[in-house]
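> Input: one structure, supplied below.
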Amino acid sequence: MKSKHLLLLAQALLVLSLIPPGAHAQPVDSLAQPTAAAVWRWPLTGEPKVLNAFDKPAEKWSAGHRGVDLAAAEGAQVIAPNRGRITFTGVVVDRPVLVIDHGYGFKTSLEPVTSELQVGSWVEPGAKLGFVAVGAHCTGRCIHWGVRLDGEYIDPALLIEDLRPSILLPLND
């Protein structure tokens with residue numbers, strides 16, 4: 178399980194490393210020139226506390242935690258983690274869910290989140306998506322943020338946190 182997780186993590190980091198700093202996100206369903214910076218941010222203001230970390234299961238059907246739970250009170254504002262197009266907003270089982278397609282194979286899901294945005298709406302990074310609602314395991318304490326890359330769940334925190342190794346340079350340069 179660890180080696181498979183590390184392989185997927187390495188693949189995600191490789192894809193991200195190929196995008197140069199200041200590069201632009203590719204619009205979904207469009208051949209137009211890129212127009213938005215590919216900079217990820219938390220879907221809440223500030224740096225929220227991670228209540229439950231990502232825990233990808235060994236097999237697709239196994240138990241696990243396919244995202245991160247971020248501390249948030251009911252009614253807190255939820256913002257777009259990156260530019261994209263809303264592809265779903267509605268109730269799944271017992272929770273309101275919002276999905277954004279960011280292009281390059283990245284899709285975000287946020288729950289429980291209520292929104293007045295319509296499917297097909299474009300959002301920019303930091304744009305208001307809606308509000309933390311109630312439903313599922315996050316009721317009254319958090320939102321669940323999941324990210325898929327080409328259909329495979331990845332740890333959303335890897336898109337935010339800089340995991341590159343520190344390099345010490347000589348003082349006499």
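Under our numbering, the first residue of the sequence shown carries the number 178, and numbering increases by one thereafter.
Glycine is no exception: its CB is placed at the ideal position from the N, C-alpha and C atoms.
(1) Take residue 321 and list the residues in its own chain whose beta-carbon comes closer than 6 Å to its own, dropping the five residues that flank it on each side.
(2) Among all the DSSP beta bridges, which residues are the ones paired with residue 222?
(3) List the whole-angstrom C-beta distance separating residue 306 from residue 324, where the pair is believed to meet the contact cut-off of C-beta under 8 Å.
(4) So what's residue 344 in DSSP terms, helix, strand or just coil?
(5) Sort 218, 313, 225 and 319 by Cα distance to residue 270 and report the nearest one.
(6) Spatial neighbours of residue 226 within its chain, please: CB distance less than 6 Å, with the 5 preceding and 5 following residues excluded, ordered by chain position.
(7) With a cut-off of 8 Å on the beta carbons, I'd call residue 222 and residue 256 a contact; round off their distance for me.
(8) Using 8 Å as the threshold, is the C-beta distance between residue 280 and residue 297 below it?
(9) What's the C-alpha gap between residue 228 and residue 349?
(10) How is residue 248 classed by DSSP in three states: helix, strand or coil?
(11) Looking at residue 258: is its Cβ nearer than 8 Å to the Cβ of residue 219?
(12) Which whole-angstrom value is the C-beta distance of residue 250 and residue 308, which I expect to be below 8 Å?
(13) With residue 335 as the anchor, note down where its alpha helix (DSSP H) starts and where it stops.
(14) Please work out which residues of its chain come closer than 8 Å, Cβ to Cβ, to residue 216, disregarding the five sequence neighbours upstream and downstream, and give them in chain order.
(15) Of all the beta strand (DSSP E) runs that stay within the bounds of the stretch 241-304, which reach a length of 3 or more residues?
(16) Where DSSP assigns a beta bridge to residue 236, which residues make up the other side?
Quick answer:
(1) 244, 246, 288 and 315
(2) According to DSSP, residue 222 bridges with nothing at all.
(3) At roughly 15 Å, the Cβ-Cβ gap does not stay under 8 Å, so residue 306 and residue 324 are not in contact.
(4) coil
(5) 313
(6) 248
(7) 7 Å
(8) no
(9) 44 Å
(10) strand
(11) yes
(12) Going by Cβ atoms, the distance from residue 250 to residue 308 rounds to 10 Å, so no, they are not a contact pair.
(13) 334-337
(14) 259 and 302
(15) 245-248, 254-256, 261-269, 272-280 and 283-288
(16) Per DSSP, none; premise fails for residue 236.
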